[in-house]
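Participant: Questions regarding the structure given below will be posed in turn.
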Amino acid sequence: MDDQMYSKKLLTTLLLTLLMVLAACGGNDQNDEAAGGEEEPEDLTNNDAEDTLVVGLDDDPPLLDPHLSTAQVESQIFKAVYETLINVDENLDPIPGLAKDWDVSEDGLTYTFYLQEGVTFHDGADFNAEAVKYNFERILDEDLGSPNASDLRLIEEMSVEDEYTFVVELEEPFAPFLSGLSHRAGQMVSPEAAEDESIDLSNEPVGTGPFQFVDRTAQSHLEFERHDDYWGDQPDYQYLEYHAFSNEDTRITNLVSGDLDIVNRVAHKDLEQLEENPEINMSEEDGIGFQGLMLNTDREPFDNQKVRQAMNYAVDREAITEVVFHNGAEPAVSPFAPSSWANNPDLEVPDREVEKAQELLEESGVEDLSFTLTVSPSPAEQQLSEMLKSMLDEVGFNVEIEQVEFGAILDRMYEGDFDIARLGWSGRVDPDGNAYSWFHTDETYNFTGSSNEQLDELLIDARTTVDQSERQEMYHEAAEILWDEAPYIFLYHENDYKPMKDNVQGFNHVPDGLIRPADLTLE
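Residue numbers -23 to -1, 1 to 500, in mature numbering (1 follows the signal peptide of the UniProt record, and there is no 0), belong to the letters of the sequence shown in order.
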């Protein structure tokens, strides 16, 4: 299937990604009208409260099939019911998962995985090398149209050496391969459940995880119970529930009242009050994603590089992080967060320079500097867009703000029918996931339409080079090119906050922002 056909198959699943991406600004403080469980009774759970962990989510997860999933909120669920071949620690380094060990050949082409023994899926099916092969083939099946197939595309051959040994041969070295197996491409579904037409994995997940699916009420909650035959350490509690609250205030109210034990996302405006609450513990971790402005370089005035560069100096990143995010974000100048080994320390966040921005606009020779800034309809997005308008208008732009629902934004991005859109990315463990798909000329998320041959070569070389120090130099250079070309105006890297009741113990804050429920205990 060629890239164009593949991209069209991704169209429906891209919306789910953008739901997460766009909502990331401002902690998902969305409108009250959005669905999400606001009519819950006072007692959220019907199970024994002392034996139940109740998690508050910012949205109802659309898909529970990891091979079709793209939304961050779905990944929260997956940490309970599914497991990956590779896990990551708090430093995002690979550690054993369903693969207890692995070898990589010196040429970076052959990966041999040694699998955990005695593992069963929730339906009783055995986890083994054949199951891994089935899952990889399922993800790569063009009829399925998995948006996660890109993590496995370079597989040339795979083989089952014995019941618990699985071997993969790649066409060429692919540095992010192991990283991809800590995401959805490495999550194992039951082959028997996937082949059973009476089971819909999008609503009834069947994995090997510490909790197994019980029930789901759409736009309200999901129920799980402890998997008694789980191969690892048994969770501390019997029941696990996820409740969806798209309204931030409702979600936080339920946390403070004690009906929720932990929530996956919090609005920055609520940080201070939660940190001052003696019954709430707050965990903070640097994020790994980026947020900013997507410029359509096929349209005037953004087909002019000096106009784009002027925007870099017209915005005040420090003010944005202070006012909109209450210092819960870091100013950004590249797709690589300060915590990433790919971050270029020589690229410093510039002060706002009105005169320099005006000089660049004058040098551009462009007279009509009017454009529409398209944003999602949330209070935080509105606050951010109004700040941006004020900053940009001052240097000579004429900005019109347009609030558009997520689906309409996606349609316009895909068709190239936009001037500037507020888009970002929650981030991937390997920096390739923050760069290649977004800024390589031919990739799906490169909505800017920009093309730079030198940048393309760097991004390709960085993903096919195994040595991390060499990759680091490539990403440093790529970041400098992106700053100079300015097809995307990087604004901030959002930090991740997890508030929880003081009786919730054992939380390990990994920069991927996911709650690992089996690690938690209730005291």
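Think of the CB as a built atom: it goes at the ideal place given N, C-alpha and C, for glycine as much as any other residue.
List the whole-angstrom C-beta distance separating Ala291 from Met368, where the pair is believed to meet the contact cut-off of C-beta under 8 Å.
Facilitator: Yes, Ala291 and Met368 are in contact; Cβ-Cβ is about 6 Å, under 8 Å.
Participant: Using only alpha-carbon positions, find the residue among Asn423, Tyr88, Val406, Asp84 that is nearest to Ala76.
Facilitator: Of the listed residues, the one whose Cα sits closest to Ala76 is Tyr88.
Participant: Can you check DSSP and say which residues form a bridge with Asn375?
Facilitator: For Asn375, which the question treats as bridged, DSSP gives the partners Ser347.
Participant: On the three-state DSSP scale, how would you describe Ala306?
Facilitator: Of the three classes helix, strand and coil, the one that applies to Ala306 here is strand, per DSSP.
Participant: In terms of DSSP beta bridges, what is Pro476 paired with?
Facilitator: Pro476 is bridged to Met259.
Participant: Between the Cα of Phe416 and the Cα atoms of Val191, Tyr59, Asn273, which residue gives the shortest distance?
Facilitator: Among Val191, Tyr59, Asn273, the Cα nearest to that of Phe416 is on Asn273.
Participant: Measure the C-alpha to C-alpha separation of Val310 and Lys283 and round it to an integer number of angstroms.
Facilitator: Each residue's Cα considered, the two are about 17 Å apart.
Participant: Three Cβ pairs or more, each shorter than 8 Å: is that satisfied between the region 102 to 114 and the region 126 to 145?
Facilitator: Touching, yes, given that three or more Cβ pairs across the two stretches are closer than 8 Å.
Participant: Taking the alpha carbon of Tyr465 as the point to measure from, which residue in Thr298, His486, Met288 has its own alpha carbon closest?
Facilitator: The shortest Cα separation from Tyr465 among Thr298, His486, Met288 belongs to Met288.
Participant: Using the rule of at least 16 other Cβ atoms within 10 Å of the residue's Cβ for burial, across every protein chain shown, is Gln93 buried or exposed?
Facilitator: That one is buried.
Participant: Less than 7 Å between C-beta atoms, sequence neighbours within five positions excluded: which residues of the same chain meet that for Pro71?
Facilitator: If we look at Pro71 and ignore the five residues flanking it on each side, its Cβ neighbours are Ile63, Val65, Leu155, Ser159.
Participant: What number of angstroms, rounded off, separates the C-alpha of Glu15 from the C-alpha of Asp280?
Facilitator: Low confidence applies to Glu15: its pLDDT is 44, below 50, so where it sits in the model is not reliable, and the reading given next is rough at best. So the alpha carbons of these two residues sit roughly 45 Å apart.
Participant: Would you call Thr351 buried or exposed, if buried means 16 or more other Cβ atoms sit within 10 Å of its Cβ?
Facilitator: The residue in question, Thr351, is buried, as its Cβ has 16 or more Cβ neighbours within 10 Å.
Participant: Can you give me the Cβ contacts of Pro168 inside the same chain, cut-off strictly under 7 Å, excluding the 5 residues immediately before and after it?
Facilitator: Result list for Pro168: Ala102, Ala108, Tyr111, in chain order.
Participant: Within 10 angstroms of its Cβ, does Glu225 collect 16 or more other Cβ (buried), or is it exposed?
Facilitator: Buried.
Participant: Would you say Ser316 lies against chain B (beta-carbon separation less than 8 Å)?
Facilitator: Absence of chain B from the displayed structure is noted, only one protein chain being present.
Participant: For Ser234, which of helix, strand or coil comes out of DSSP?
Facilitator: In the structure shown, Ser234 sits in a helix (DSSP, three-state: H, G or I).
Participant: By how many angstroms is the C-alpha of Glu434 removed from the C-alpha of Phe190?
Facilitator: The alpha-carbon atoms of Phe190 and Glu434 are separated by roughly 45 Å.
Participant: Do you know offhand how far Pro308's Cα is from His99's?
Facilitator: Distance between the alpha carbons of Pro308 and His99 is about 44 Å.
Participant: Could you tell me which residues DSSP pairs with Trp402 in its beta bridges?
Facilitator: In the DSSP output, where bridge partners are listed per residue, Trp402 has Phe267.
Participant: Closer than 8 Å is the cut-off here; do at least three beta carbon pairs connect the region 162 to 180 with the region 45 to 62?
Facilitator: The region 162 to 180, when compared against the region 45 to 62, does touch it at the 8 Å Cβ threshold.
Participant: Counting Cβ pairs, one atom from each stretch, are 3 or more of them under 8 Å apart for the region 328 to 341 and the region 469 to 480?
Facilitator: With a cut-off of 8 Å, the region 469 to 480 and the region 328 to 341 do not count as touching, because too few Cβ pairs lie within range.
Participant: Beta-carbon within less than 6 Å of Ser414's beta-carbon, same chain only, minus the 5 sequence neighbours each way: which residues are those?
Facilitator: Counting only Cβ-Cβ distances below 6 Å, and skipping sequence neighbours, we find Glu420, Tyr422.
Participant: State the beta-bridge partners of Leu92 as determined by DSSP.
Facilitator: BP columns for Leu92 point to Ala76.
Participant: For Pro150 and Leu346, I'd like the C-alpha separation in whole angstroms.
Facilitator: Rounded to the nearest angstrom, the two C-alpha atoms are 45 Å apart.
Participant: DSSP on Leu131, reduced to helix/strand/coil?
Facilitator: Coil at Leu131, not helix or strand.
Participant: Is DSSP giving Glu169 helix, strand or coil here?
Facilitator: Helix.
Participant: Here's a check: name, in chain order, each residue in its chain whose Cβ is nearer than 6 Å to the Cβ of Val381, leaving out the five neighbours to either side.
Facilitator: If we look at Val381 and ignore the five residues flanking it on each side, its Cβ neighbours are Thr351.
Participant: Please report the distance separating the alpha-carbon of Phe104 from that of Val144.
Facilitator: Roughly 16 Å between the two C-alpha positions.
Participant: Looking only at its own chain, which residues have a Cβ that is under 7 Å from the Cβ of Asp9, when we skip the five neighbours before and after it?
Facilitator: Any answer about Asp9 is weak, because its pLDDT of 30 lies below 50 and its placement is not dependable; what the coordinates show is given next. Counting only Cβ-Cβ distances below 7 Å, and skipping sequence neighbours, we find Asn224.
Participant: Determine, using beta-carbon pairs with one atom in the region 252 to 259 and one in the region 476 to 483, whether at least three such pairs fall under 8 Å.
Facilitator: Yes: the two stretches touch, three or more of their Cβ pairs being nearer than 8 Å.
Participant: What are the residues that DSSP puts in a beta bridge with Ser136?
Facilitator: BP columns for Ser136 point to Val144.
Participant: Just to check my reading of the structure: His220 and Leu237 have Cβ atoms closer than 8 Å, yes? What is that Cβ distance to the nearest angstrom?
Facilitator: Correct: roughly 7 Å between the Cβ atoms.
Participant: State yes or no: is the C-beta of Gly266 within less than 8 Å of the C-beta of Trp402?
Facilitator: Contact: yes.
Participant: Determine the contact status of Pro182 and Ser317, defining contact as a CB-CB distance below 8 Å.
Facilitator: In this structure, Ser317 does not lie closer than 8 Å to Pro182 by Cβ.
Participant: Can you tell me whether Asp323 is buried or exposed, with buried defined as 16 or more other CB within 10 angstroms of its CB?
Facilitator: Answer is exposed; the Cβ neighbour count stays below 16.
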